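Residue 110 in our numbering sits at position 108 of the sequence shown, with consecutive numbering throughout. Backbone N, C-alpha and C define an ideal beta-carbon position, used for all residues, glycine too. Only a predicted model underlies this, so the values are computations on that prediction, with no experimental measurement involved.
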Amino acid sequence: MRFNRAIGKIKVLSFDLDDTLYDNHPIIASALRAQADYLRQLPCWPHQDNRFWMACRNQALKENPDLLHDVTLWRQRALYLGLLECGLTHEDALEHAQNAYAAFAQARSQISVCPSVIKLLNDLKQRYTLIAITNGNADVEQFNLAGMFSLVLQAGKDGRSKPFRDLFDNAVNQLNILPTQLLHIGDSLDTDVQGANNAHCRSVWLNNQNCTYRYQGLADIEISDIKQLQYF
């Protein structure tokens with residue numbers, strides 16, 4: 003654990019979800035397989051679909067750049083546009099897009115946070131208000147984080163995605179605290195740390211992803227293992 007700056011009195015611990023409290027890579031891979039399995043049942047969907055799928059996503063974003071802040075709506079719109087491109091009617095494209103996304107979403111929330119992390123959160127909950135601020139679309143009420151957080155804010159429906167400050171400002175306003183009383187923990191310098199810093203909140207960087215980031219700013223605190231939070 004490394005302290006880059008002193009922090010004052012903290013009232014709220016804010017957690018990123020994906021790749022902070024659990025490994026999200028196999029979960030996304032499973033969700034993508036579920037979506038692909040559904041789409042492969044449709045004779046019109048291209049067999050080699052990755053390039054086609056990326057073109058659909060790019061087209062959806064070109065039509066509505068704000069979709070960048072809402073991964074759920076972005077995926078749903080890309081599915082719809084792709085099915086239209088395959089020759090389906092509006093009604094059939096809408097139905098199959100909804101079904102394909104439902105397959106993705108069901109697998110997306112097949113998450114099991116390890117017991118030691120659950121224990122850590124429950125221990126921290128005795129001293130702090132716990133919330134979640136995420137750019138993703140995992141539904142915490144569908145797995146063993148249900149009931150853990152006083153507030154869950156998701157990019158899109160609750161504000162622009164991190165590193166924009168919207169979600170942090172939303173949290174501060176709803177909880178009636180000062181920005182400096184919120185400490186956000188996340189794995190990404192580019193989204194989590196930069197977003198918290200932009201909002202004048204405090205930040206913890208979970209440095210365990212072996213990634214290269216563009217953001218050159220510092221987190222207030224750097225840790226290499228989420229369990230180091232037990233010392234807070």
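Between the alpha carbons of GLY84 and LYS229 lies a distance of about 43 Å.
By the criterion of a C-beta distance shorter than 6 Å, MET3 is surrounded in its chain by ILE225, GLN230, once the five residues flanking it on both sides are discounted.
The closest CA to that of ASP168, considering only GLN37, CYS203, LYS13, ASN60, is found on CYS203. Shown here for GLN156: same chain residues with a beta carbon closer than 6 Å to its own, the five before and five after excluded, namely THR136 in chain order. Counting along the chain, no alpha helix (DSSP H) covers GLU143, and no H or E run does either. In the DSSP assignment, THR74 falls within the unbroken alpha helix (DSSP H) covering 73-87. Exclusion of the five residues before and after PRO165 leaves ASP192, THR193, GLN196, GLY197, ASN200 as the residues of its chain whose Cβ lies within less than 7 Å of its Cβ. For ARG35 and ALA109, the gap between their C-alpha atoms comes out near 9 Å. Straight across, the Cα-Cα distance linking LEU81 with PRO28 is about 22 Å. In this structure, ILE113 and TYR24 form a Cβ contact; the two beta carbons are roughly 6 Å apart against a cut-off of 8 Å.
When DSSP assignments are scanned along the stretch 131-213, the uninterrupted stretches of alpha helix (DSSP H) that are 4 or more residues long and fall wholly within it turn out to be 168-177, 196-200.
In this structure, GLY138 is the residue among GLY138, ASN124, LEU75 with its C-alpha nearest to the C-alpha of SER111.
DSSP lists no beta-bridge partner residue for LEU23.
Bridge pairing for PHE17: ALA134, ILE187 [DSSP].
About 15 Å separates the CB atoms of GLN144 and TYR103; that is not less than 8 Å, and the two are not in contact. Judged by DSSP secondary structure, ILE9 falls outside any alpha helix (DSSP H); it is assigned neither H nor E. Annotation for LEU96: TYR82 place their beta carbon closer than 7 Å to its own, counting only its chain and skipping 5 residues before and after. For the 8 Å CB-CB criterion, ALA140 and LEU15 do not form a contact. Separation of the CB atoms of ILE9 and LEU185 is rounded to 7 Å, and the pair is thereby assigned contact status at 8 Å. Bridge pairing for GLU224: ARG4, TRP207 [DSSP].
GLY188 is positioned such that its CB atom lies no closer than 8 Å to that of THR74.
Between VAL206 and ILE223, the gap from beta carbon to beta carbon is short of 8 Å.
Its Cα nearest to that of LEU220, the residue SER190 stands out among GLN232, PHE234, SER190, GLN211. Excluding the 5 residues flanking it on each side, TRP76 has same chain C-beta neighbours closer than 8 Å at ARG59, ALA62, LEU63, LEU69, LEU70, in chain order.
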